[in-house]
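Protein chains in written order, with the numbering used here: chain A, 2 to 223; chain B, 2 to 223; chain C, 2 to 223; chain D, 2 to 223. Quick reminder that beta carbons are idealized off the backbone N, C-alpha and C, glycines included. Treat the numbers as computed from the prediction; the structure is a model and nothing was measured. Only one structure is covered here, and it is reproduced in the block below.
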DNA sequence: CATGAATGAGACTTCATTCAT
DNA sequence: CATGAATGAAGTCTCATTCAT
């Protein structure tokens, strides 16, 4: 189906399909790169295909050889990005013998990833972007193509939390909801970075999220 | 009462145009109402002025008598809404003798307000919308018009947190950053409500935010 | 509804609506005229709205103030033309005391009308054009907007034939089918005119149709 | 047998390219078949070469190895079809000892042929299609390629009529014009069949044309 | 001979904005 | 103050045609 569905694992050998469609895929990726750049610069509606074509160095008509639509192009970019994110997350949580350490690793890695891809993720912040485009296209297509990818990330995080709860380390809250909260906090860090970008360091912010999310604002009685 | 720029914060002197516009401001409000409705239904670019005019019951040209632009109209709606929010926040924090209780009140009231205005706030989620429109207009205009209003809210919250810290109740974190985090968590609640809207109650979610934000995920040793 | 539905009678006083929408209707008619000209010059798909706008002396966007679509514009032109035709037919058959004379009058008048509007009617020859556009739009819209107008003409002719049959003047054939045949023969005359346009006279062709349709090819025994 | 330009008329020498193309002509025919199918389904402009290539099972570029143009392809299909028709007509009129019987045979055979090929002939109804496409290509090319084929059919019919006139069986009308009329009536039958396709039989319609064309609408005095 | 890939040209449609009345 | 009418500019998408391989 979707030709860039992530492998969700450690698989590195994507040289398997190098024979038949190798340079067709190359062009497709060039376009995806260009689109990612343009969609990162502008709102979905402000991004124009002319610019994507320009950046990709192809004709506008060529875009339609590889993607059905503008929205299809956008969703393809989003899919690719979310797959990358999921891989990061999976790698972070591969070893969850220590739930607290895992959560900390998760926060750092996710924050790093978001920070690296901040421009693009402004658009599809959390699950919200399915609302943003609702009037534009068949809502189902969006829902079916990206929601699973988003939930994949949430579910992985929720699993770690559940594990911690079973170990008696974490409080009894709905794990999935807590996972959402965590993602949200990480996103907020990006905002903080944007607002005062001169001197702040990424790790500082990671610590803030850790502190709030793990310990809360209230003073702990020793 | 303030006309469309709230006086609830630092800025006080916006009574300058009180004289001339006077009665025409009623029509201005009608248009704002219509615009709010339309902008709540659709994305900024999907919302069309034709519909705003229709809903307001005026001609499209009339919109330009009261607002410079489409973006001006949008920002005016946002301003008005944020003013309302600031008033809510101020009321919530009027008495902050007990910081913990105040934070709880703040969470509940903000959540209620967001919930009541969910449709509109999906568009200007957090402080992010200044990024979304950056290509469209002079970024400075947006920054200058809405950022102060957003920070007003953040600052009020931060004050409460600072107070709590001085009282030895709250941990030592950057109060402003913590305030951002709180807002973010409240927004996330809206998402949770949207994702499973059948049975969930608002207050349940408020409790979740309280728990996470105040106590954190880690088990407290008794 | 459709604002140029024919009055189907002798009504000449269309000054009734001269107050409110008088110059709006004027512009609409200008566009219709331009469209008729362009659609007469070219196939539906070859006719481009740019040219219609040019000929009408308005902007392309203006077309969309008065017509929903390209197809709507085309159908509006067709409706107007068919209404004119129906009026001609009705006038021709107003007095049908003598069926033979009426048929002859009908042939002459219809032929004259087609001849005057030959360019446009090339496209919607007979009932056939509903097939030509079938893939383009909601077939129902076409069917509902123009079929009645086409059948109106056929029915009137069929009535005359039925009358002649009742008087014992005409043979026993299906009147409606015969009416179709007559229309077809009249159209064929246009072809003949086109093929050898130098010296032929309209009335000669009318006589041919009369002869064939009324008397047939076979010699009559005296 | 002739390859794609029929020899059934005046033109005889089209065997010039018989040598080189030889076996490639089988693919050429495959393409023609595909094109006929697609052009029968849709309007000339709605038919797209992509689909022709698909149906033919060849690449779109291959079409251009066998045909100069889209219009060339279309005209080639039309030529082939008209050649078939001409053969039918010639067979029908091979024996014209009895003009009346011959005309009847002609009507039946032509009607059958049109009925079998109704889909395609909707497009090039009568001789009219040379008008439909005039803006598209050099009008002369169309005129020169298909008009002779059309006239071939007309001429054959006209010969039969002339013969009948010489035998004193038919009235004195222009034979060629009468032949046109006849063709037109046959086409009209197809329309009638389309309009009420449930119960009608082809032969019934043939009788109607016979009656009208041969005897006319007027009652014959015995 | 065959084709996958690419594209230029152009069509329809939309919408924020202006202006004469 | 209000608006009906008009439009320039722009955007998405299509398709016949070409060309290197």
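Checklist entry - For residue 219(B), which of helix, strand or coil comes out of DSSP? => result Note: residue 219(B) maps to strand in three-state DSSP.
Checklist entry - Can you name the start and end residues of the alpha helix (DSSP H) that residue 168(A) belongs to? => result It is not in any alpha helix (DSSP H) - residue 168(A) carries neither H nor E in the DSSP assignment.
Next on the checklist: If you reduce the DSSP assignment to three classes, tell me which class residue 92(D) lands in.
Outcome noted: Look at residue 92(D) here: in three-state DSSP terms it is helix.
Next on the checklist: Comparing C-alpha positions only, which one of 51(C), 77(C), 167(C), 193(C) sits nearest to residue 98(C)?
Outcome noted: Cα-wise, what sits closest to residue 98(C) is 167(C).
Next on the checklist: Between residue 153(C) and chain D, is any beta-carbon pair separated by less than 9 Å?
Outcome noted: The Cβ of residue 153(C) sits no closer than 9 Å to any Cβ of chain D.
Checklist entry - Is residue 203(B) near residue 178(A), with beta carbons less than 9 Å apart? => result Taking 9 Å as the Cβ cut-off, residue 203(B) and residue 178(A) do not qualify as a contacting pair.
Checklist entry - alpha helix (DSSP H) containing residue 120(A): first to last residue? => result Its alpha helix (DSSP H) spans residues 119-122.
Next on the checklist: On the CB-based measure, 16 or more other CB atoms within 10 Å of its CB, does residue 117(B) come out buried or exposed?
Outcome noted: When all chains shown are included, residue 117(B) counts as exposed.
Checklist entry - How about residue 214(A) and residue 218(B): do their beta carbons lie closer than 9 Å? => result At a Cβ-Cβ threshold of 9 Å, residue 214(A) and residue 218(B) count as neighbours.
Checklist entry - Are the C-beta atoms of residue 216(C) and some chain D residue less than 9 Å apart? => result Cβ-Cβ to chain D under 9 Å: yes for residue 216(C).
Item to check | Cβ pair residue 79(B), residue 161(B) closer than 9 Å | outcome: Between residue 79(B) and residue 161(B), the gap from beta carbon to beta carbon reaches 9 Å or more.
Next on the checklist: Helix, strand or coil, according to DSSP, for residue 102(A) in the structure here?
Outcome noted: Residue 102(A): helix per DSSP, three-state reduction.
Checklist entry - Is residue 84(A) helix, strand or coil when you go by DSSP? => result Residue state, collapsed to three classes: helix.
Checklist entry - Does residue 209(A) come within less than 9 Å of chain B when only Cβ atoms are used? => result Judged by the 9 Å Cβ criterion, residue 209(A) is in contact with chain B.
Checklist entry - residue 143(D) touches chain C at which residues, Cβ-Cβ below 8 Å? => result Chain C residues near residue 143(D): none, gap ~13 Å exceeds 8 Å.
Checklist entry - How about residue 172(B): is its C-beta nearer than 9 Å to some C-beta of chain A? => result At a cut-off of 9 Å, the C-beta of residue 172(B) has a neighbouring C-beta in chain A.
Checklist entry - From residue 169(B) to residue 39(B), what does the alpha carbon distance come to, in whole angstroms? => result Approximately 47 Å, taken between the alpha carbons.
Next on the checklist: With a threshold of 9 Å between beta-carbons, can residue 71(D) be considered close to chain C, or not?
Outcome noted: Not closer than 9 Å to any Cβ of chain C, the Cβ of residue 71(D) fails to qualify, so no.
Checklist entry - Ends of the alpha helix (DSSP H) at residue 45(C)? => result It is not in any alpha helix (DSSP H) - residue 45(C) carries neither H nor E in the DSSP assignment.
Checklist entry - Could one say the Cβ of residue 54(A) lies closer than 9 Å to chain B's Cβ atoms, at least one of them? => result Judged by the 9 Å Cβ criterion, residue 54(A) is not in contact with chain B.
Checklist entry - Residues in its own chain within less than 7 Å of residue 64(B) by CB, not counting five upstream and five downstream? => result Non-local C-beta neighbours of residue 64(B) in its own chain, meaning closer than 7 Å and more than five positions away in sequence, comprise 32, 50, 53, 54, 74, ordered along the chain.
Checklist entry - When the Cα atoms are used, what is the spatial distance from residue 42(A) to residue 44(C)? => result One alpha carbon belongs to residue 42(A), the other to residue 44(C), and they sit about 44 Å apart.
Checklist entry - Just the Cα atoms here: how many angstroms apart are residue 212(B) and residue 104(A)? => result Those two C-alpha atoms are separated by around 18 Å.
Next on the checklist: Looking at the ligand SAM, does it come within less than 8 Å of residue 186(C), judged from the CB to the closest heavy atom?
Outcome noted: By its list of ligands, the structure shown contains no ligand whatsoever, and the ligand SAM lies outside what it can speak to.
Next on the checklist: When you compare the CB of residue 179(C) with every CB in chain D, is at least one pair closer than 9 Å?
Outcome noted: Taking Cβ atoms only, chain D reaches closer than 9 Å to residue 179(C), which makes this a yes.
Item to check | Proximal residues of chain C, C-beta to C-beta of residue 64(D) below 7 Å | outcome: Think of a sphere of 7 Å around the beta carbon of residue 64(D): no beta carbon from chain C falls inside it, the nearest being about 20 Å out.
Checklist entry - Which of helix, strand or coil does DSSP assign to residue 173(D)? => result Coil at residue 173(D), not helix or strand.
Checklist entry - If you count every other CB in all the chains shown that lies within 10 Å of the CB of residue 66(B), and 16 or more means buried, which is it? => result The residue is exposed, with fewer than 16 neighbouring Cβ atoms inside 10 Å.
Next on the checklist: Strictly under 9 Å for the Cβ-Cβ distance: is residue 104(A) near chain B by that measure?
Outcome noted: At least one chain B Cβ lies under 9 Å of residue 104(A).
Checklist entry - Does residue 150(B) get closer than 9 Å to chain A when you measure Cβ to Cβ? => result Chain A contact via Cβ: absent.
Next on the checklist: Within 10 Å of its beta-carbon, does residue 58(A) have 16 or more other beta-carbons around it, so buried, or fewer, so exposed?
Outcome noted: Burial call: exposed.
Checklist entry - Using a C-beta to C-beta distance shorter than 8 Å, which residues of chain C count as neighbours of residue 58(D)? => result Simply none; closest approach about 23 Å.
Checklist entry - Taking Cβ to Cβ, would you say residue 83(B) is nearer than 9 Å to residue 94(B)? => result With contacts defined as CB atoms closer than 9 Å, residue 83(B) and residue 94(B) fail to qualify as a contacting pair.
Item to check | Proximity to residue 185(C) [Cα-Cα], best of 155(C), 205(C), 173(C), 100(C) | outcome: Out of 155(C), 205(C), 173(C), 100(C), 155(C) has the C-alpha closest to the C-alpha of residue 185(C).
Next on the checklist: For a contact defined as C-beta to C-beta under 9 Å, what are the partners of residue 185(D) on chain C?
Outcome noted: Close to residue 185(D), with beta-carbon spacing below 9 Å, are these residues of chain C in chain order: 182, 185, 186, 188, 189, 192.
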